[in-house]
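In the numbering used here, the protein residues as written are 13 to 239. Backbone N, C-alpha and C fix where the C-beta goes; we use that ideal spot for every residue, glycine too. Keep in mind the model is a prediction, meaning the values are calculated, not measured.
See below:
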């Protein structure tokens, strides 16, 4: 059965890991404290701050304590949903101000456009929030790439290394598992997707193999028809 859907990771796959760790995370760490102080009463921000209090087991934490918790989570790269949501809000300001431009590899841009034109449905699954995903592609160095995508998934669909997460996504998309090709640079994510019945392709941009999966060093080497 031919591939109808391509589901792609971002970090290390469509985009450089260094962009996230060397640009986005430091930007969020620098600007998040003032953003939270200035917007703590805003409904969407307040909801996330309450989620931080709940997740950290500190229901009485004041704003400064919540900021300290968030900065600790950034330092340890915790995949916490309220952190991702708040980072997305901070990044949105940076993108809108022109201080940030999303990095997407040129080979990924070319392939995504080609697949979209060929009629494939394109989706994103990243540990970053859906808002952050849209910003990377919407404010990319290659322009607005969001028209290429049919939808986005984040950790609200489940952790990326768990089989059930991919079953949830497959059901949300409405395609058969074997019609979906998942792209990632992390073997545990590929293993989980494969266990859920999806086709997989690993990205090893510095060379090497992701054991148990077809592995390429760029999007140029991916032909959905071959799966």
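Residue i versus residue j: straight-line alpha-carbon distance, rounded
i           : j           : result
residue 56  : residue 63  : 11 Å
residue 36  : residue 103 : 7 Å
residue 238 : residue 14  : 9 Å
residue 202 : residue 98  : 28 Å
residue 76  : residue 140 : 24 Å
residue 155 : residue 142 : 18 Å
residue 166 : residue 111 : 24 Å
residue 207 : residue 175 : 6 Å
residue 205 : residue 178 : 6 Å
residue 68  : residue 30  : 28 Å
residue 187 : residue 91  : 27 Å
residue 105 : residue 119 : 28 Å
residue 193 : residue 32  : 24 Å
residue 48  : residue 79  : 7 Å
residue 45  : residue 224 : 43 Å
residue 84  : residue 74  : 16 Å
Residue j beta carbon less than 8 Å from that of residue i
i           : j           : result
residue 135 : residue 149 : no
residue 152 : residue 100 : no
residue 181 : residue 169 : yes
residue 210 : residue 228 : no
residue 236 : residue 132 : yes
residue 41  : residue 86  : yes
residue 173 : residue 145 : no
residue 222 : residue 137 : no
residue 94  : residue 72  : no
residue 185 : residue 17  : yes
residue 123 : residue 234 : yes
residue 107 : residue 147 : yes
Buried or exposed (CB count within 10 angstroms, at least 16 for buried), residue i
i           : result
residue 38  : exposed
residue 27  : buried
residue 189 : buried
residue 212 : buried
residue 23  : buried
residue 191 : buried
residue 232 : exposed
residue 21  : buried
Helix, strand or coil at residue i [DSSP, three-state]
i           : result
residue 192 : strand
residue 18  : strand
residue 167 : helix
residue 23  : strand
residue 179 : helix
residue 174 : coil
residue 49  : helix
residue 41  : helix
residue 58  : helix
Start-end ranges of the beta strand (DSSP E) lying completely within the stretch 93-165, minimum 3 residues: Counting only runs of 3 or more residues that sit fully inside the stretch 93-165, the beta strand (DSSP E) segments are 133-137, 163-165, in chain order.
Could you tell me which uninterrupted alpha helix (DSSP H) segments, each at least 4 residues in length, are contained entirely in the stretch 63-94, listed from first to last along the chain? 75-87
At 3 residues or longer, and completely inside the stretch 185-239: list those beta strand (DSSP E) runs for me, N to C. 192-196, 211-215, 226-228
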